[in-house]
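Each residue of the sequence shown is one higher than the one before, counting from 19 in the numbering used here.
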Amino acid sequence: MLVFHTDDESFMRAALREANKGVGRTSPNPAVGAVLALGGKVIAKGHHRQAGGPHAEVACLARYKHRIPRRAKLYVTLEPCSTAGRTAPCVDTLLAAGIGTVIVGTTDPNPRHAGKGLKILRDAGVEVRSGVLAAECSALNAPFNKWIRTRQPYVIAKCGMSLDGRLTAPETNSRWITSAAARRHANRRRATVDAIIVGAETVRVDNPRLTVRAVKHARQPWRVVLSRSGSLPRKAHLFSNGYAARTLVFRDESLASVLTNLGEREITSVLIEGGGDVLAQALDAHLVDRLELYLGSIFTGGPVFAFGGGGAASTAEAVRLSEVRYEQIGSNILVTGDIAVSTPSSK
Numbered sequence: 019m020l021v022f023h024t025d026d027e028s029f030m031r032a033a034l035r036e037a038n039k040g041v042g043r044t045s046p047n048p049a050v051g052a053v054l055a056l057g058g059k060v061i062a063k064g065h066h067r068q069a070g071g072p073h074a075e076v077a078c079l080a081r082y083k084h085r086i087p088r089r090a091k092l093y094v095t096l097e098p099c100s101t102a103g104r105t106a107p108c109v110d111t112l113l114a115a116g117i118g119t120v121i122v123g124t125t126d127p128n129p130r131h132a133g134k135g136l137k138i139l140r141d142a143g144v145e146v147r148s149g150v151l152a153a154e155c156s157a158l159n160a161p162f163n164k165w166i167r168t169r170q171p172y173v174i175a176k177c178g179m180s181l182d183g184r185l186t187a188p189e190t191n192s193r194w195i196t197s198a199a200a201r202r203h204a205n206r207r208r209a210t211v212d213a214i215i216v217g218a219e220t221v222r223v224d225n226p227r228l229t230v231r232a233v234k235h236a237r238q239p240w241r242v243v244l245s246r247s248g249s250l251p252r253k254a255h256l257f258s259n260g261y262a263a264r265t266l267v268f269r270d271e272s273l274a275s276v277l278t279n280l281g282e283r284e285i286t287s288v289l290i291e292g293g294g295d296v297l298a299q300a301l302d303a304h305l306v307d308r309l310e311l312y313l314g315s316i317f318t319g320g321p322v323f324a325f326g327g328g329g330a331a332s333t334a335e336a337v338r339l340s341e342v343r344y345e346q347i348g349s350n351i352l353v354t355g356d357i358a359v360s361t362p363s364s365k
């Protein structure tokens with residue numbers, strides 16, 4: 019049975035808030051946050067900002083400009099690394115700083131590190147406690163956790179649809195099914211992923227930019243287009259704006275093959291934004307890890323369903339969600355959930 023001190027969860031939540039600042043910016047590394055506590059107060063904090071930059075623990079300690087007392091406690095959302103990569107091992111920095119107590123949210127899923135950093139610290143006489151808010155600390159890095167084990171990106175299927183499950187809007191002055199507030203929310207979501215996937219028809223009909231505009235200084239995601247023919251408008255925004263170099267076109271390849279290619283490029287998370295054929299292909303092939311559905315407050319009718327494809331042969335085989343949440347955004351509802359069972363396609 020794990021026993022934690024009274025303030026452990028409070029300080030770990032502060033470390034989680036730090037870690038959240040790096041989500042979408044650190045790939046292929048995980049987002050990590052750390053706080054240094056002394057006398058029941060946070061005296062320094064830091065987070066990992068980008069791959070190759072200082073890790074959270076190092077950034078945190080660097081912000082404390084005095085000699086670190088032995089009784090100070092370091093809270094970090096992920097186990098400190100124990101091997102050299104783009105930076106030196108974090109455990110070396112902690113030992114050199116004389117930290118007496120290290121509290122960790124979750125162990126590192128990377129086989130190179132898993133548990134080794136904690137053992138090094140314990141063997142050196144550091145008090146180590148692990149597992150504080152473990153589920154939350156792990157969930158923060160769901161994309162990294164999958165990629166580091168499988169080299170496959172974490173797949174989020176997202177769409178805006180009417181209450182009757184359509185993608186088409188009625189012939190009015192607006193082509194939008196969801197509200198402006200929901201669209202801003204969805205745009206901010208782009209800032210948290212490495213790549214966005216759409217089908218060729220979406221490029222032809224909607225001519226999207228697929229950029230992040232609602233978050234300042236965001237790292238722009240890769241734009242990935244799936245096309246059977248490879249024939250796309252030359253003047254499409256994806257090929258003519260300032261991020262054209264971050265556009266990839268895959269011709270006549272299965273989504274499973276594309277995801278493998280992206281994983282090899284160290285892309286750890288992708289957001290599938292449509293259209294309906296791509297979303298259906300992803301679900302039919304059991305490639306989706308998470309669903310995010312924006313429900314507009316309208317009924318449209320029409321032939322274009324948000325999710326088509328072969329569908330489930332029976333209710334027992336239907337896609338089911340876990341950890342389902344509902345959030346009202348203006349007049350719209352955002353439904354999110356993890357795919358209960360996601361089996362890689364054998365195709």
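Quick reminder that beta carbons are idealized off the backbone N, C-alpha and C, glycines included.
Whole-Å CB distance - residue i paired with residue j, under 8 Å assumed
i       : j       : result
Val-296 : Val-216 : 7 Å
Arg-207 : Leu-289 : 7 Å
Ala-263 : Asn-225 : Their Cβ separation, rounded to whole angstroms, is 19 Å, which puts Ala-263 and Asn-225 out of contact at 8 Å.
Cys-78  : Val-53  : 6 Å
CA nearest to the CA of residue i, picked from the options
i       : options                               : result
His-203 : Lys-91, Leu-256 and Gly-348           : Gly-348
Glu-282 : Pro-251, Ile-166 and Arg-338          : Ile-166
Tyr-261 : Leu-280, Ala-213 and Thr-278          : Ala-213
Ala-209 : Ile-138, Arg-31, Leu-139 and Val-41   : Val-41
Gly-320 : Arg-184, Asn-350 and Ala-254          : Arg-184
Leu-158 : Arg-140, Cys-78, Gly-143 and Ala-33   : Ala-33
Pro-127 : Leu-79, Gly-135 and Asp-110           : Gly-135
Ala-200 : Gly-178, Ala-218, Ala-77 and Val-211  : Gly-178
His-73  : Gly-123, Asn-47, Glu-27 and Gln-299   : Asn-47
Ala-300 : Tyr-312, Val-322 and Val-276          : Val-276
Leu-256 : Glu-271, Val-223 and Leu-273          : Val-223
Leu-313 : Thr-354, Ala-336, Ala-274 and Ser-340 : Thr-354
Ala-236 : Gly-248, Arg-31, Ala-218 and Asn-205  : Asn-205
Val-342 : Leu-139, Thr-111, Gly-71 and Asp-356  : Asp-356
Ala-80  : Ile-61, Ala-69, Thr-333 and Gln-68    : Ile-61
Val-144 : Val-211, Ser-156 and Thr-119          : Thr-119
Phe-29  : Glu-310, Leu-92 and Lys-83            : Leu-92
Closer than 7 Å to chain B by CB, residue i
i      : result
Arg-31 : Protein chain content of the structure displayed is limited to a single chain, and chain B is not contained in it.
Same chain, Cβ closer than 8 Å to residue i, five either side skipped, listed in chain order
i       : result
Lys-164 : Gln-170, Pro-171, Tyr-172, Thr-286 and Asp-307
Ala-132 : Glu-97, Thr-125 and Asp-126
Cutoff 7 Å; reference residue i; Cβ partners in own chain excluding five residues on either side
i       : result
Ala-198 : none
Thr-229 : Gln-238 and Tyr-261
Ser-364 : Interpretation of Ser-364 is limited by its pLDDT of 42, a score under 50 that renders its predicted location unreliable; the figure taken from the coordinates is listed afterwards. There are no such residues.
Ser-360 : Unreliable placement is indicated for Ser-360, whose pLDDT of 44 sits below 50; no coordinate value is reported for it.
Gly-116 : Ile-86 and Arg-88
Asp-302 : Gly-327 and Gly-328
Ile-316 : Ser-180, Leu-181 and Ile-195
Asn-191 : Reliability fails at Asn-191, whose pLDDT of 49 lies under 50, so the model's placement of it is uncertain and the value that follows must be treated cautiously. Hits under 7 Å: none found.
Ser-100 : Pro-107, Val-109, His-131, Lys-134, Gly-135 and Ile-138
Leu-113 : Ala-142
Phe-325 : Gly-294, Leu-297, Ala-298 and Leu-301
Paired residues, beta bridge with residue i - DSSP
i       : result
Ala-55  : Val-60 and Lys-91
Leu-309 : Ala-175 and Gly-355
Ile-347 : Asn-350
Leu-181 : BP columns for Leu-181 are empty, so no partner.
Gly-292 : Val-216
Leu-272 : The residue you asked about is not Leu; residue 272 is Ser in the sequence shown. Its beta-bridge partners do not exist; DSSP assigns none.
Ser-340 : Asp-356
Val-267 : Val-243
Phe-323 : Arg-184
Ser-258 : Paired residues: none, contrary to the question.
Ser-287 : Tyr-172
Neighbourhood of residue i by C-beta distance below 6 Å, restricted to the same chain and skipping five residues each side
i       : result
Arg-147 : Ile-121
Pro-161 : Tyr-172, Thr-286 and Ser-287
Inside the region 61-109 only - alpha helix (DSSP H) runs reaching at least 4 residues
Unbroken alpha helix (DSSP H) runs of no fewer than 4 residues, entirely contained in the region 61-109, are found at 74-80, following chain order.
(request) Identify every run of the beta strand (DSSP E) within the region 101-175, keeping only runs that are complete inside it and at least 3 residues long; order them along the chain. (result) Taken in chain order, the unbroken stretches of beta strand (DSSP E) that lie wholly in the region 101-175 and span 3 residues or more are 119-124 and 145-148.
Q | Inside the region 194-248 only - beta strand (DSSP E) runs reaching at least 3 residues | A | Residue ranges of uninterrupted beta strand (DSSP E) with 3 or more members, entirely inside the region 194-248 and ordered along the chain, are 213-217 and 240-245.
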